[in-house]
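2 protein chains.
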Amino acid sequence: MDLIFKVLADKSRRKILEVLKEKDMTVGEIAKHFTFTGATLSHHLDILKKTRLVVSERKGQYVKYSLNTSVFEEMIALFLNIFQRKGENL
Amino acid sequence: MDLIFKVLADKSRRKILEVLKEKDMTVGEIAKHFTFTGATLSHHLDILKKTRLVVSERKGQYVKYSLNTSVFEEMIALFLNIFQRKGENL
DNA sequence: CCCAGAATTAGATGTTCATCTAAATATCTG
DNA sequence: CAGATATTTAGATGAACATCTAATTCTGGG
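For the record, the sequence lines run as chains A and B. Quick note: to get this note's numbering, add 1359 to the position in the first sequence (first position is 1). Quick note: to get this note's numbering, add 1359 to the position in the second sequence (first position is 1).
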């Protein structure tokens, strides 16, 4: 929980999620949307994996990343829970 | 936007919001829920004010803090927007 | 007017974290 | 197998940030 918020605190990671909403992609494809190095991207992907927001699968020479929809939805529920005020129904 | 996420990345600040959901409180009352110093609390409240998530009003010797409901709701909308997948309707 | 209590500000410190370069690992192709 | 390309890991660096102590500001009551 605490971790989820830390993960989303970084703009680049949020953008990675945005980008993966479009379609599953290899690291190289994702990298085209950013200016930082592959090492940095790898680091961010690792963090995203640790919260299970994304999953990865090796496809031969490449590694393909995709969103983990179910965790996404759990997260929305968490947010709503936190932000919802007492007695209020959104 | 970026700021909102940074603000929420800190556990103490999220707890402050939780606490203020209950009712409006003075700094001293809020402080009872935490172990860190008043200076630190003041710092967190300042950050929360900058994102307009809370508002403050001096009441004589005290300063009363309360949630800013409208910003809260904007925030929920932002989150849903980010997490919503293409073509998906929650 | 001065004191006490409430809150904020200033300045310092240690930690966390995003980023980089360089090196390592994995896989494919000739 | 050797070289090329893709990705990850290791280690270092600098910036951002949570926290603290001390000092300051603000307000109400004697």
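Each residue gets a CB set at the ideal place from its N, CA and C atoms; glycine is no exception. Note that this is a predicted model, so its numbers are computed, not measured.
query: Tell me, which residues are paired with lysine 1423(A) by DSSP?
result: The beta-bridge partner set that DSSP reports for lysine 1423(A) consists of Thr1385(A), Glu1416(A).
- request: Give the single residue among Lys1370(B), Lys1374(B), Gly1419(B) whose Cα lies nearest to the Cα of leucine 1426(B).
  value: The shortest Cα separation from leucine 1426(B) among Lys1370(B), Lys1374(B), Gly1419(B) belongs to Lys1374(B).
query: Which residues mark the beginning and the end of the alpha helix (DSSP H) in which threonine 1399(A) is found?
result: In this chain, the alpha helix (DSSP H) harbouring threonine 1399(A) covers 1397-1409.
message: Any contact between the region 1379-1393 of chain B and the region 1420-1434 of chain B? By contact I mean 3 or more CB pairs, one from each, below 8 Å.
response: Three or more pairs of CB atoms, one per stretch, sit closer than 8 Å, so the region 1379-1393 of chain B contacts the region 1420-1434 of chain B.
query: Does DSSP classify lysine 1374(B) as helix, strand or coil?
result: In the structure shown, lysine 1374(B) sits in a helix (DSSP, three-state: H, G or I).
message: Taking beta-carbon pairs under 7 Å, can you tell me which members of the region 1400-1416 of chain A lie near chain B?
response: Here the close residues number zero.
- prompt: Given that phenylalanine 1364(A) touches chain B, what residues does it touch there, using C-beta distances under 9 Å?
  reply: Result: Phe1364, Leu1367, Ala1368, Asp1369, Lys1370, Arg1373.
- request: Enumerate in chain order the residues of its own chain whose CB-to-CB distance from serine 1401(B) is below 8 Å, with the five nearest sequence positions on each side excluded.
  value: If we look at serine 1401(B) and ignore the five residues flanking it on each side, its Cβ neighbours are Val1386.
query: In chain A, what lies closer than 9 Å to leucine 1439(B) by C-beta?
result: Going along chain A in sequence order, the residues near leucine 1439(B) (Cβ under 9 Å) are Ile1435, Phe1438, Leu1439.
field: Where leucine 1437(A) falls, given that 16 or more other Cβ within 10 Å makes a residue buried
entry: Flag for leucine 1437(A) reads exposed.
field: Nearest neighbour of aspartate 1361(B), chosen from Leu1362(A), Leu1367(A), Phe1395(A) [CA to CA]
entry: Scanning Leu1362(A), Leu1367(A), Phe1395(A) for the CA closest to the CA of aspartate 1361(B) turns up Leu1367(A).
CB contact check: aspartate 1383(A) to chain B, cutoff 8 Å: For aspartate 1383(A), the nearest beta carbon of chain B is not closer than 8 Å to its own beta carbon.
Continuous alpha helix (DSSP H) stretch holding phenylalanine 1364(A): start and end: That run of the alpha helix (DSSP H) goes 1361-1367.
- prompt: Does the Cβ of phenylalanine 1364(A) have 16 or more other Cβ atoms within 10 Å, making it buried, or fewer, making it exposed?
  reply: Flag for phenylalanine 1364(A) reads buried.
message: Please return the same chain residues whose Cβ sits closer than 8 Å to the Cβ of glutamate 1433(A), not counting the five positions on each side in sequence.
response: For glutamate 1433(A), where only same-chain residues beyond five positions count, there are no Cβ hits under 8 Å.
DSSP-derived helix/strand/coil call for phenylalanine 1393(B): The answer is coil: DSSP assigns phenylalanine 1393(B) none of H, G, I, E or B.
Nearest residue (CA-CA) to aspartate 1313(B), options Phe1393(B), Arg1372(B), Leu1379(B): Shown here, chain B extends from 1360 to 1449; a query on residue 1313(B) therefore has no answer.
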